[in-house]
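S.K.: So the protein lines, in turn, are chains A and B. Per this note's numbering, the first sequence starts with residue 6, numbered consecutively. Per this note's numbering, the second sequence starts with residue 7, numbered consecutively. Okay, handing you the structure first.
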Amino acid sequence: MSSVDTGLVTAVERTTEPVVAWRSWALTGRRDGTRLLLRPVAGRAHPWHPREVATATCRRSGVFHEAPAIGCTCGLHAAQTLDILRWTKCPAVLGRVALWGRVVEHELGYRARFGYPQRLRLICQFCFWQKGPLGRTPAVVAFYPRDELVPLCAGHLESAHASGMPPRRLLPADLVDQRLRDTYAVDLLAI
Amino acid sequence: MDIGAPKRIIEVEPAVLPVPGPVREEPLPAAEPAPAPAEPGR
């Protein structure tokens, strides 16, 4: 246990079953829908590469320590319930994620050392904010500068145009959704 | 995302990693040579 693990939580449970939790990501890719890449919705943390284990690292205190540490906020974050994710910044993809290695269980979620998505689907972030998982299915994926891909339902695509943020290109959402799952070799998230 | 206060630490050592393997196109094995035709009986 590292020196930052000086909190009240000291007991360690051991298991062979990965923890499975909810998570959302931002999405980037080329304008033709290739090179799809899941990225954390906040901060400058590393992207989650297809078919590679996502590994948490931390230099928050200026000194490298193994993530996740009890006395830090580092680690791969995931939520116990879907509802918490409605308040994350600009989610494009919703999914179930397997977590393993050291996992710190919190009251409402987890921080883990290793992770990989198990099920994924695109979401319209505006519908997700307003109605949760019952929002409308994205009709298109909008391509924006810096390779940002934003799934949008028909109504919120109109809103993007009306608010002076027209996408540079539109891709069919169902094809991007399928390509994303093929790229990461995971199943559809049914919600 | 606020996930509240830490409750416990779990050390997970999965028997099988929940990560798909890399995509590799293996070359197809060469076909076995066809058996020689049997000599016609006399």
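Quick reminder that beta carbons are idealized off the backbone N, C-alpha and C, glycines included. Being a predicted model, the structure only gives us computed values, none of them experimental.
Using only the alpha-carbon positions, how far apart do Leu104 (chain A) and Ala42 (chain B) sit?
M.R.: Using only the alpha carbons, I get a separation of about 58 Å.
S.K.: Does any residue of chain B bring its CB to less than 7 Å from the CB of Ala190 (chain A)?
M.R.: Judged by the 7 Å Cβ criterion, Ala190 (chain A) is in contact with chain B.
S.K.: Is DSSP giving Lys13 (chain B) helix, strand or coil here?
M.R.: Residue state, collapsed to three classes: strand.
S.K.: Please confirm whether Val22 (chain B) has its beta-carbon closer than 7 Å to some beta-carbon of chain A.
M.R.: No, Val22 (chain B) does not count as interfacial toward chain A.
S.K.: Report the start-end ranges of each beta strand (DSSP E) in the stretch 17-57 of chain A that is 3 residues or longer and not cut off at the edges.
M.R.: For the stretch 17-57 of chain A, whole beta strand (DSSP E) runs of length 3 or above, ordered along the chain, are 17-20, 24-33, 42-44.
S.K.: Taking Leu176 (chain A) and Gly120 (chain A) to be in contact with their CB atoms under 8 Å, please state how far apart those CB atoms are, rounded to whole angstroms.
M.R.: That belief does not hold up - the Cβ atoms of Leu176 (chain A) and Gly120 (chain A) are roughly 27 Å apart, past 8 Å.
S.K.: Closest to Asp187 (chain A) by CA distance: which of A:Ala83, A:Leu42, A:Phe148, A:Pro73 is it?
M.R.: It is A:Leu42 whose Cα lies nearest to the Cα of Asp187 (chain A).
S.K.: Count the other CB atoms, across all protein chains shown, that sit within 10 Å of the CB of Leu125 (chain A); report buried if there are 16 or more and exposed otherwise.
M.R.: By the 10 Å Cβ count, Leu125 (chain A) comes out buried.
S.K.: Is the beta carbon of Val46 (chain A) less than 7 Å from the beta carbon of Thr93 (chain A)?
M.R.: In contact: Val46 (chain A) and Thr93 (chain A) (Cβ atoms closer than 7 Å).
S.K.: Does Gln85 (chain A) come out as helix, strand or coil in the three-state DSSP assignment?
M.R.: Note: Gln85 (chain A) maps to coil in three-state DSSP.
S.K.: For Ala16 (chain A), return the contacting residues in chain B, with the cut-off set at a CB-CB distance below 8 Å.
M.R.: Per Cβ cutoff of 8 Å: Arg14, Ile15.
S.K.: What residue does the alpha helix (DSSP H) around Arg184 (chain A) start on, and which one ends it?
M.R.: Run containing Arg184 (chain A): 178-189, per the alpha helix (DSSP H) assignment.
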